[in-house]
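The structure appears below as structure tokens.
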Amino acid sequence: MHIRKFCRDYSRRVFLENTAKNVLRAGVLGGAWSIFLRTGSTRGAYPDELASIDMYTRGRLKPGDKISKDNVHLVQDLLDPVRAKQIAEMGRVLVLAPSTSDLSRLNPASYIEATLRNRGEARFDQKGNVVTSDGRPWVGGNPFPEPRSAMEVFAAHTLSWGRHDSCLYASKEYGLDEEGRVQYQYASGWAEMASIGRISVPPMPYLPGREEKLRYQSVFFVEPGDVKGTAYLNIWPYDQTQFPELFGYLPTFKRVRRFPTNQRFEPLNPGSELYLSDAWAAGDPFLTWGDYQIVQRGPFLAGLSGGWNSRHSNWEHTTHGGPHGTLFWDTAVELVPEAIVIEARPIGYPRAPVSKKRVWFDARTLVPLAMVSYDRRGQPFRFFDGAYSAYDDGSQRVPDGKEPYWSWTTFHAFNIQTGRMTRVEQVKSIAGGHRMLVNDPAIYERYLTLEALQRLGS
Amino acid sequence: MATIRLGHFVTCAMAAVSTAAAAAEWTVSGLIREEIAVKMTGDQNENNWGGNAFNGVAVPNTFAKRVLGVDSTLTRPGSQKEKPDLNMFATRAELNLDGKLNENWAAHFKLRAFTDQLGRVESAYRDKNFFEQSYGASRSGGVLGVARKDWMLDLPIAYLDYSNGPVWLRMGNQQIAWGEALFFRVADMANGLDLRRHSTLDVAAEEFSDKRVSAPALRAMWRATDSVQLEGFAQLFRPTVLPGENSPYNIIPAQFVVDQKSGYDDVKDKVNFGLRMQGQFDDVGVQLFALRRNNPDGVIRWAKAQGAGAVGDSAFAGNSGVGVYSAQEWFRTASLTRLDGLGALETALNEFNTAPLGATGLANVCGASGSAGTATQAGNIRVDSASAACILDGFFSGGDLRGWLVREYPRENVFGFGLNTVFNGEPDSFLDQLIARFELSHTPNKKFTSPTLSRDYIEKDETTFAFIFEKYHKFSQTLPATYMVFQWMHKSESDLFGRSLEGTRNKPGGAPKGDDRGSNNVAFVLQQPTPSLEWRFDLAALTDLKGGWFVQPGVKWKLNKSAQLDVYANYFRSSNDGGDFAEGLDYAREVFVRGTWYF
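The structure is reproduced here in structure tokens:
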């Protein structure tokens, strides 16, 4: 039975009312987290119209269908303007997948458990950093699962980018020129380890003696030969008004040196459209950005499942679009019942080429789904959209303890003004025998120390 | 028993590594590069026979005039004159093999092949020896390599890495680079430099990655705490490798023969040791270091001439046709190399058995006092400019003479420390994220080549320190940050190239006045990439504040994932008054182009 009270307009009205009241809690019919606690699913928090794409489009589209230039008008209001244009004009195609309402498929189970365990414990201190009710650094999980401000959304996400205690993402990056040709290729490893808010790997919740730090994060390149051995280590302070410390090993110098860290708005390698600032749509300490505002709420199409390509021995993904068929990742998207769109400005970077960014978050998990950054004239500059997945497709599974590994799978970084595209995919392993790792205590020693930089260098 | 146990251990270790290697994941990468340097000037390298400023120039014979009352001249043959237009015409290939043996062990190798075919396109360099050395494995000057006149092949990287928790070991042929300063070698003292491949005139931003001489070493690092690391190494000594005689960037005047093998043989089995502690204390990075090493740059003195043409027991050989032809040439050469033209003559006469050659008589008729050395006693001849010229021209009246030198590598201790900190200021202010670094090294009783080329080397305590400021600054919102480096290095006893300051302020025909205030060198570097980083514009400038300048503008273009093009210019300017580092380097005003294909 279809209750007309809960039609699309009803949902829109609720989104507007909640936004006006600064109620950012996910859910139309009730708090998504509360309903998840009761039922194990967020399905009951939303009316049928937001539960599946066929209901939303009144049967005109269903899981398995492709969104192309021929039918993109049917989902125009579920897309950001950049993807809508890519589909309409650049040959991008999205494949529809069933909606996921089981939160444990949308975030690591351990993160969800910690979020529930520590619910209501978080607050901002005088400086604006997230602390527990007794003033200690955060203890794990999402501190603001039912946020009341845009700042809480960004703070929660910045504290735990990947939702794991530690990870090594093996990745391949492809830089495409304006004609859609692959011009540059890189293979790199990106390691993260939380020193507070640890929920899976002892010691928990803090690394003793390192409570004043938020995370260790490194990136190192193994291909091609001219950048092979280049490695950087960021050590983030917990105080989000401060920049991370940056150490680097450049093959030309043959030694680890300390680097300034405020230049976060430029690519690390030629042809790349990725800045440090872009990492996880929250690559900078969140208090170096400001004017956080909610600008929109509503359903959205995003890649939350089915993005893991277990059929390829190295999990590499297929592409389409552009004159050479290499412009876009093949991506499955599903209807996200509620996305929160937040804008922020880089208040700590007067000469940043970016004037603001607009980020779409899944209201249920506060995972970033897409981002547009704007240049200083206010014109759209670069666009990012990512895909996530539980690494479990029924036939194969990558374990994270007892649960499947959850992580990102692919993302695009598209320069709207030049037409250059950077595609990145998470793979199983890269040259040098570096394999994807999650919550492995060895990640710190292997990838996140100064001697690790020296050793990874060449 | 111990031998058997050791043998057993080695066998087991080899077996373990072999097994791991068989199961390893290996990756291969590399590059092929063409490197060409075109001169921007007609100036030639005066250290080479072909570039000698006295080729075909008749100069007055002061001996004939003073002693015989006759006007005559001495002339270096003009036939030796050469005017090449290129400084380099090289091809480089590098092959990297990297293997992860297991979670603890990794192996890394780099094979480097380099050939300079300049001799095929410039007659000045036909059959000249660019690479082959009189010492080292397969005449390579190093440990793992082979060299011949126009090519060299070596393994600058051939090591195993072992890591386990806070311990990291690197075993094998390797470079060791320490220090805060770039290009200025204050703490970067572990390895000498290989100057055979474009000297030190490659892209300044690449520092010495292609130049440091690798040698077998055991290097160990232990992370004592999250912020403190201890490191030590033991490394086989290997010297700085000099460019070949008459090669484009030769730094030793080719009228002289340098015996590099004798000194090398004396110390080739010596081991250098180094210890370092690095720590991060609040906002300040600290390092303390100490080295015990043989100075890889070495020191030089007169040596008794060997072989056919050796003149008695002196340091000279005659009638080679490529030696020194006149006193003027002698003085000019001495001045350019910061040697004492007068003192070097005295030493050559007094420290060798030159009395039987009539040196005392010649000196006396030329107005110099004292007696020449004998087989049993050092001489005491003292000369002034006029008598020195007369004596020299007296010798050269009998034909040209080649001086013989020997290069030795004294043992020394080096102690030092370094500091760094990052300033925080208003966002995007000039002070914000400015990195300041300081490092200092002190070498007690360091030996320097005496400007007189005496066997009594100069021995002084040398202190070297450098201030370094680095900054990424955004001048515009559309361009990436400009990378800027400012460095000032002070050396208490030597110049930029490590030559004693007793040889500076050096005019031909006189003794150098020296300088006891130390030397100062200031460097400034700019790098400006374009927004996509496909292009990077570089500017490096270096001055010794005494009229010597080196400026290197250039551009790097990364065409695609496999190709890169570099175009740079090297520009030297000297005040030519015997006191700056750039004197005599006009020949290296050049544009060099490198086209690289990576695979």
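Chain order of the listed sequences is A and B.
Using the numbering used here, you'd call the opening residue of the first sequence number 1 and step up by one each time.
Using the numbering used here, you'd call the opening residue of the second sequence number 1001 and step up by one each time.
Note that the Cβ used here is the ideal one computed from N, Cα and C, for glycine as well.
- Listed along chain B, no residue sits closer than 8 Å to residue 169 of chain A by beta-carbon distance, the nearest being about 18 Å off.
- By DSSP's assignment, residue 369 of chain A forms no beta bridge with any residue.
- According to DSSP, residue pairing for residue 434 of chain A in a beta bridge involves A:430.
- Residue 1593 of chain B sits away from residue 1569 of chain B, with the two beta carbons spaced by 8 Å or more.
- Rounded to the nearest whole angstrom, the C-alpha separation of residue 127 of chain A and residue 241 of chain A is 8 Å.
- Look at the beta carbons and you see the region 306 to 324 of chain A not touching the region 1555 to 1573 of chain B: under three pairs across the two are nearer than 8 Å.
- Annotation: residue 1521 of chain B to residue 1243 of chain B spans about 24 Å, alpha carbon to alpha carbon.
- Ranked by Cα distance from residue 1582 of chain B, the first of B:1483, B:1094, B:1026 and B:1045 is B:1045.
- At a beta-carbon threshold of 7 Å, the residues of chain A lying near residue 1427 of chain B are 348, 349 and 350, ordered along the chain.
- Taken through DSSP and simplified to helix, strand or coil, residue 1330 of chain B comes out as helix.
- Its chain contains 1118 and 1119 as the residues whose beta carbon lies nearer than 6 Å to that of residue 1125 of chain B, once the 5 sequence neighbours on both sides are disregarded; these appear in chain order.
- Annotated three-state conformation of residue 1494 of chain B is strand, per DSSP.
- For the region 1518 to 1533 of chain B, the beta-carbon criterion of a distance under 8 Å to any beta-carbon of chain A is satisfied by 1529, 1531, 1532 and 1533.
- Residue 1118 of chain B: member of the alpha helix (DSSP H) spanning 1118 to 1121, first to last residue.
- Not a single CB atom of chain A sits nearer than 8 Å to the CB of residue 1172 of chain B.
- Within the region 291 to 324 of chain A, no residue has a Cβ lying closer than 9 Å to any Cβ of chain B.
- Residue 1139 of chain B carries a helical assignment under DSSP once its states are collapsed to helix, strand and coil.
- With fewer than three CB-CB distances shorter than 8 Å, the region 1441 to 1461 of chain B does not count as touching the region 368 to 376 of chain A.
- Between the beta-carbon of residue 94 of chain A and that of residue 333 of chain A there is about 5 Å, and that keeps the pair under the 8 Å contact cut.
- For residue 33 of chain A, no beta strand (DSSP E) run applies; the uninterrupted alpha helix (DSSP H) run containing it begins and ends at 32 to 39, by DSSP.
- The three-state secondary structure of residue 1553 of chain B, taken from DSSP, is strand.
- For residue 1223 of chain B, the chain A residues whose C-beta falls within less than 9 Å of its own C-beta are 445, 449, 450 and 451, listed in chain order.
- For residue 1035 of chain B, no alpha helix (DSSP H) segment is defined; the enclosing uninterrupted segment is the beta strand (DSSP E) at 1025 to 1039.
- With 16 or more other CB atoms across the displayed protein chains lying within 10 angstroms of its CB, residue 301 of chain A is buried.
- A straight-line Cα-Cα distance of about 12 Å links residue 1466 of chain B and residue 1492 of chain B.
- Not one beta carbon of chain B lies nearer than 8 Å to the beta carbon of residue 215 of chain A.
- Within 10 angstroms of the beta-carbon of residue 40 of chain A lie fewer than 16 other beta-carbons, which makes it exposed.
- Close CB contacts of residue 1332 of chain B within its chain, under the 6 Å cut and outside five residues either way in sequence, are with 1508 (chain order).
- Here residue 1543 of chain B is not near residue 353 of chain A, since their CB atoms are 8 Å or more apart.
- Nearest neighbour of residue 1178 of chain B by Cα position, chosen from A:252, A:236, A:145 and A:114, turns out to be A:252.
- Between residue 254 of chain A and chain B, the shortest Cβ-Cβ separation is below 8 Å.
- The C-alpha of residue 340 of chain A is placed about 41 Å away from the C-alpha of residue 457 of chain A.
- If you look at residue 181 of chain A, you'll find it isn't in any alpha helix (DSSP H); DSSP assigns it neither H nor E.
- Bounds of the beta strand (DSSP E) holding residue 1466 of chain B are 1458 to 1473.
- Only exposed fits residue 1497 of chain B, as fewer than 16 other CB atoms lie within 10 angstroms of its CB.
- The beta carbon of residue 1584 of chain B lies closer than 7 Å to those of 1046 and 1336 in the same chain, with the five residues before and after it left out.
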